[in-house]
Amino acid sequence: METVLTTHFADERYRFIDTYRGFGGYEALRKAISMPRDAIVEEVRKANLRGRGGAGFPAGVKWGFLPKDMSRPRVLVVNADEGEPGTFKDRRIMSRAPHLLVEGLAIACYALTIHKAYIYIRGEFVREAGILDEAVSEAYASGFLGKDILGSGFDLDVTVHRGAGAYICGEETSTLNSLEGKRGWPRLKPPFPATIGAFGLPTIVNNVETLSDVPWIITHGGERFAALGCEKNGGTRLVGVSGPVQRPGIYELPADVNLRHVIYDVAGGLRDGKKLKAVIPGGSSTPVLRADEIDVNFDIESMAKLGTMAGTSGVIVIPEGTCMVRALRVLMNFYAHESCGQCTPCREGTGWLRKVVGRIEAGEGRPRDIELILDLCDNMMGRTICALADAAAMPAQSFLWKFREEFDRHIRDRKCPYGNRF
Amino acid sequence: MSVAFSDAGRKEFERLLARYPEKEAVILPALHLVQKEFGYVSDEAIVYIAGLLSVAPAQIEGVATFYTMYNRKPVGKYHVQVCRNLSCSLMGAEHLIGHLSRKLGIEPGETTPDGKFTLSEVECLGSCGTAPVMQVNDEYHENLTEESIDAVLDGLP
Ligand SMILES: Cc1cc2nc3c(=O)[nH]c(=O)nc-3n(C[C@H](O)[C@H](O)[C@H](O)COP(=O)(O)O)c2cc1C
Ligand code: SF4
Ligand code: FES
Chain A
1190 METVLTTHFA DERYRFIDTY RGFGGYEALR KAISMPRDAI VEEVRKANLR GRGGAGFPAG
1250 VKWGFLPKDM SRPRVLVVNA DEGEPGTFKD RRIMSRAPHL LVEGLAIACY ALTIHKAYIY
1310 IRGEFVREAG ILDEAVSEAY ASGFLGKDIL GSGFDLDVTV HRGAGAYICG EETSTLNSLE
1370 GKRGWPRLKP PFPATIGAFG LPTIVNNVET LSDVPWIITH GGERFAALGC EKNGGTRLVG
1430 VSGPVQRPGI YELPADVNLR HVIYDVAGGL RDGKKLKAVI PGGSSTPVLR ADEIDVNFDI
1490 ESMAKLGTMA GTSGVIVIPE GTCMVRALRV LMNFYAHESC GQCTPCREGT GWLRKVVGRI
1550 EAGEGRPRDI ELILDLCDNM MGRTICALAD AAAMPAQSFL WKFREEFDRH IRDRKCPYGN
1610 RF
Chain B
651 MSVAFSDAGR KEFERLLARY PEKEAVILPA LHLVQKEFGY VSDEAIVYIA GLLSVAPAQI
711 EGVATFYTMY NRKPVGKYHV QVCRNLSCSL MGAEHLIGHL SRKLGIEPGE TTPDGKFTLS
771 EVECLGSCGT APVMQVNDEY HENLTEESID AVLDGLP
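Listed in order, the protein sequences are those of chains A and B. In terms of our numbering, the first sequence is numbered consecutively and its last residue is 1611. In terms of our numbering, the second sequence is numbered consecutively and its last residue is 807.
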């Protein structure tokens, strides 16, 4: 299979600019600055590159939202906050191939006439932030960043900015507030970042993986990238598999790869002869699937048809013998902890979900608790400033819909049949 | 107690200021710097940063308390942070947290009496494929077992 990102990941020196250039690195940037700016955006559009941060918005379309009026400078913010449970792909790119990201963001900035980019990286990734800092310095020293890049007259300044521990800061408007030195409270939209973003300026926010795909697209053309995936989802995806499988890890696979194939062939199936019970396909916020539902392709449309999402392509494999109430309780703790508290339905709703799921797990559930959870979810969805409330409600609903009998049994027997453990 | 950056810290602070169009954007990096130099973000440090940036201390405090990585109280020499989210739980994190608790003689959230270790449970560290995972100060330790935890902690000076 043709790979876009991981081709040279095994080479430990790939993260240094000499090795990266030895494999043709920064030739895409050289090519891009010889192209008309619109033609670069057109290639990305043709590539059917969907945002890899979770929402799947077409990158080329997003780039078109910047105002035509060039009187205000524009900003690019790279979203490297990677915090969605089950997701660990951007970290891999940044540690193995930081120059893919740097080259990709430089091409994007050139195409969109952006002279200032920030890489917002989650605070815990100290090592990766150091690797990025080093890659950025190397790129400056080689003339790929800074003033008059490759003699084109184009200037670009890049700053690596560390977050400080808050999942919500991955939500793009929270990212912007955090970058500005504020609490990471999401902003009401509109205005969208493309109009008023970082420091009040028109801003494009893109995920690490999204931008890292751009050099290949420029080198090989948008159509070839599109052909690696399916109709509306171009290219490959870095699929992360976690949980008790034979070979957990990051795999670069076609955007429409089959989920069963990912789990049983790519990741080698479950360990210790365990059977599959459930799969959370695209990061913790995406609705859970039962073991009999995994014959589905990973593209955004096929997943949506099944009532779930490809999300961040972080596949969490749950084996038989796992208490689904306990698993949901872990997730509800997380969302309650991470809600920024601005919106009442989210602040109260995530707190209540934690409490009610917790008491069911503890054997203290009440007969009406299932209805209570579903009501709470209804009151959260689509009624808040950002999508975190939905991100908490979707797993709650889906766990109840798909594994209702386990919740009923906890309530009826007043105890956890799994002995309150994983 | 009054606090002030070392000369190197002060220089780094000035370098950071020049990187951003608005001085407030330096608050997060400055608080990281505070934590690096003083171990935690004290009230005095908040007043100090507020003074350097000419903003109200309450503004810095509001930011410092929003983010989990800023310790508002002193922590041990080694801050052991274990992921308790789903992928790690499926791979035995709860069991390992119990092991750490017994080994160090403290519950999550506590610090050993000698000030050497603080144990915390944290959310997903973005390393789910190599679960279970813990972070000791800045460093990740992955694919943890009881034995590997012992080897890491016993090897710390
Ligand atoms: C609660 C929440 C957390 C998010 N966390 C991240 C994240 O860590 N990284 C990321 O790239 N996008 C994250 N997103 C999605 C961003 O808001 C945004 O859609 C994305 O960065 C856009 O980039 P893309 O179009 O290239 O995917 C999050 C969204 C929500 C609602
Ligand atoms: S939905 Fe939740 S996380 Fe998002 S802004 Fe509202 S309270 Fe904050
Ligand atoms: S769940 Fe532990 S690192 Fe992601």
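The C-beta atom is built at its ideal place from N, Cα and C for all residues, glycine as well.
Counting other Cβ atoms within 10 Å of its Cβ, G1538/A reaches 16 or more and is therefore classed as buried. G1370/A reaches chain B at E674, A675, V676, I677, L678, V713, counting residues in chain order whose Cβ is nearer than 7 Å. Of all residues in the region 1352-1364 of chain A, the ones placed with a Cβ closer than 9 Å to any Cβ belonging to chain B are G1352, A1353, G1354, A1355, Y1356, C1358, in chain order. The continuous alpha helix (DSSP H) containing D1602/A extends over residues 1593-1602. With contact defined as three or more Cβ pairs closer than 8 Å, the region 1341-1355 of chain A and the region 717-726 of chain B are in contact.
Within its own chain, the residues whose Cβ lies closer than 6 Å to the Cβ of I1439/A, once the five positions on either side in sequence are excluded, are K1278, R1281, L1427, G1429, listed in chain order.
L1495/A is positioned such that its CB atom lies closer than 8 Å to that of E1482/A. Every unbroken stretch of the alpha helix (DSSP H) spanning 4 or more residues and falling wholly within the region 1256-1301 of chain A is given here in chain order: 1278-1285, 1287-1301. Relative to ligand 1, A1578/A has its C-beta separated by 7 Å or more from all heavy atoms.
Secondary structure of D1346/A (DSSP, three-state): strand. Proximity of the beta carbon of N1395/A to ligand 1 is indicated: a heavy atom of the ligand is located closer than 7 Å. Shown here for L754/B: same chain residues with a beta carbon closer than 7 Å to its own, the five before and five after excluded, namely T762, F767, L769 in chain order.
A check of alpha carbon separations from T1573/A across Q1531/A, D1200/A, C1605/A identifies Q1531/A as the nearest. Scanning chain B for C-beta atoms nearer than 8 Å to the C-beta of F1314/A yields G776, reported in chain order. The contact set of L754/B on chain A, defined by CB atoms closer than 9 Å, is empty, because the minimum CB distance reaches about 21 Å. Not a single heavy atom of ligand 2 lies less than 7 Å from the C-beta of G1242/A. What V1266/A touches in chain B, judged by beta-carbon distance under 7 Å, is nothing: the nearest beta carbon there is about 12 Å away. The shortest CA-to-CA distance from V1403/A to any of A1199/A, L1238/A, R1601/A is the one to L1238/A. Neighbourhood of F1388/A in chain B, by CB distance below 7 Å: P671, E672, in chain order. Assignment of beta strand (DSSP E) within the region 1429-1496 of chain A, counting only whole runs of 3 or more residues, yields 1438-1443, 1465-1469 in chain order. Interface with chain B (8 Å Cβ-Cβ cutoff): L1478/A is excluded.
Residue nearest to D1564/A within the set R1479/A, L1542/A, G1272/A, L1577/A is L1542/A (criterion: CA-CA distance). Excluding sequence positions up to five before and after C778/B, its CB lies within less than 6 Å of the CB of S737, all in the same chain and listed in chain order. Taking a C-beta distance under 8 Å as the contact criterion, A1217/A and I1452/A do not qualify as a contact pair. Within the chosen limit of 7 Å, ligand 2 reaches the beta carbon of R1536/A through at least one heavy atom. Beta-bridge analysis with DSSP links E771/B to V732/B.
Secondary structure at L1427/A: strand, using DSSP grouped into helix, strand and coil. Closer than 7 Å to some heavy atom of ligand 2: that does not describe the Cβ of P1437/A. Under the three-state reduction of DSSP, P1379/A is assigned to coil, being neither helix nor strand.
With the criterion set as a beta carbon lying under 8 Å from some beta carbon of chain A, the members of the region 720-740 of chain B are Y720, R734, N735, L736, S737, S739, L740, in sequence order.
In the structure shown, H745/B falls within a helical segment according to DSSP collapsed to helix, strand and coil. G1429, V1430, S1431, G1432, P1433, P1437, G1438, I1439: these are the residues of the region 1421-1446 of chain A whose beta carbon lies less than 8 Å from some beta carbon of chain B, given in chain order.
Selection P1437/A, D1461/A, I1562/A, H1450/A evaluated against P782/B yields P1437/A as nearest (Cα-Cα). The continuous stretches of beta strand (DSSP E) do not include G1211/A, which lies in the alpha helix (DSSP H) extending over residues 1206-1211.
With a 10 Å radius around the Cβ and a threshold of 16 neighbouring Cβ atoms, D1488/A comes out buried.
Legend: CB atoms of the region 1383-1413 of chain A lying less than 8 Å from CB atoms of chain B belong to residues F1388.
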